[in-house]
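Let me begin by presenting the structure, written as structure tokens, before commenting on it.
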Amino acid sequence: IFKVGSDQPFTMTHANSSNALTVTSGHKLAFGDAGDYVSGDGSDLLLVSSADVKVTGDLIPSGNDTYDLGTTSAAWKDLHLEGDVLMTDAGKVSATAGDLTLESAAAGVTIDAATTVKIDSAAGDISFEDNGTAQLAIDMDGTAGEVIMQLKVDSDDFVFKQYDGTEVFRVEDNGDFKMAGGYGSSGVCH
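Residues 17 to 206 (the numbering used here) are what the sequence shown spells out, left to right.
Set out below in structure tokens:
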């Protein structure tokens with residue numbers, strides 16, 4: 017046992033059972049002007065620095081899928097990354113070659129907002145794809161005064177349906193326009 021100080025002694029004790037050097041709970045091991053220190057209260061360990069805490073190796077939890085980075089009441093502010101964010105068994109967020117990609121490993125991707133969901137492309141182009149193959153393109157600023165919707169697979173028809181699956185109208189690959197019930201039928205504008 018090694019004690020430092022007289023009023024509230026800083027005590028270090030060798031613990032044979034765990035082969036550890038224990039320090040009195042709540043005391044600090046400080047570096048420099050005491051702005052940087054390590055402290056523990058028996059449950060939480062504090063690493064306090066007046067500037068940065070630098071890690072020179074991988075920061076790895078002791079158990080897989082067990083610990084969080086931050087909490088609901090103590091969240092990190094900004095996250096600065098150079099690589100991808102990989103979510104084991106969930107998906108990943110990556111920025112390969114400049115493109116930002118959001119992937120789900122086994123299910124869909126949901127975008128849920130309290131107000132407006134905005135899709136904003138500085139180029140004015142939006143592409144809808146099926147497993148990497150372009151199916152539908154929207155060109156919002158390629159031609160002045162026009163917004164162009166274009167099917168990207170040859171021989172596809174452009175079909176509009178009601179909720180129950182009833183076809184309302186179809187623009188066929190050859191340019192023919194067909195309305196449900198034919199031109200002039202009840203409920204069809206002409």
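We put the CB at the ideal spot given by N, CA and C, even for glycine.
C-alpha distance - residue i paired with residue j, whole-angstrom precision
i	j	result
serine 110	asparagine 35	44 Å
aspartate 189	serine 137	28 Å
aspartate 23	glycine 73	39 Å
isoleucine 142	lysine 134	12 Å
serine 89	lysine 177	47 Å
histidine 206	threonine 132	Confidence in histidine 206 is poor, its pLDDT being 41 and thus under 50, which makes the residue's placement unreliable; the coordinate value appears in the next sentence. Spanning the two alpha carbons is a distance of roughly 34 Å.
threonine 159	methionine 165	12 Å
threonine 82	lysine 168	45 Å
isoleucine 76	aspartate 84	12 Å
glycine 79	glutamate 183	54 Å
leucine 45	lysine 93	27 Å
leucine 63	valine 71	12 Å
valine 204	glycine 197	With a pLDDT of only 46 at valine 204, under 50, the local geometry of the prediction cannot be trusted, and the value read off the model is given with reservation. For valine 204 and glycine 197, the distance between alpha carbons rounds to 8 Å.
glutamate 162	serine 171	24 Å
alanine 91	alanine 130	22 Å
glutamine 179	leucine 102	A small fix is needed here, since residue 179 is tyrosine in this sequence, not glutamine. Going by the C-alpha atoms only, they are around 37 Å apart.
glutamate 98	glycine 86	20 Å
Bridge partners - residue i, DSSP secondary structure assignment
i	result
leucine 118	Val109
glutamate 183	Lys177
leucine 62	Ser55
glutamate 145	Ala150
Cβ shell of residue i (< 6 Å), same chain only, five flanking positions each side left out
i	result
serine 65	Asp52
valine 187	Phe174 and Phe193
phenylalanine 47	none
threonine 29	Ile17 and Thr38
alanine 123	none
8 Å Cβ cutoff met for residue i and residue j
i	j	result
glycine 42	aspartate 60	no
threonine 40	alanine 31	no
Whole-number beta carbon distance between residue j and residue i, since they are thought to touch under 8 Å
i	j	result
lysine 108	aspartate 100	6 Å
Other residues of its chain near residue i: CB distance less than 7 Å, five sequence neighbours each side excluded
i	result
aspartate 157	Gly140
alanine 121	Asp105, Ala106 and Gly107
alanine 150	Ser143 and Lys168
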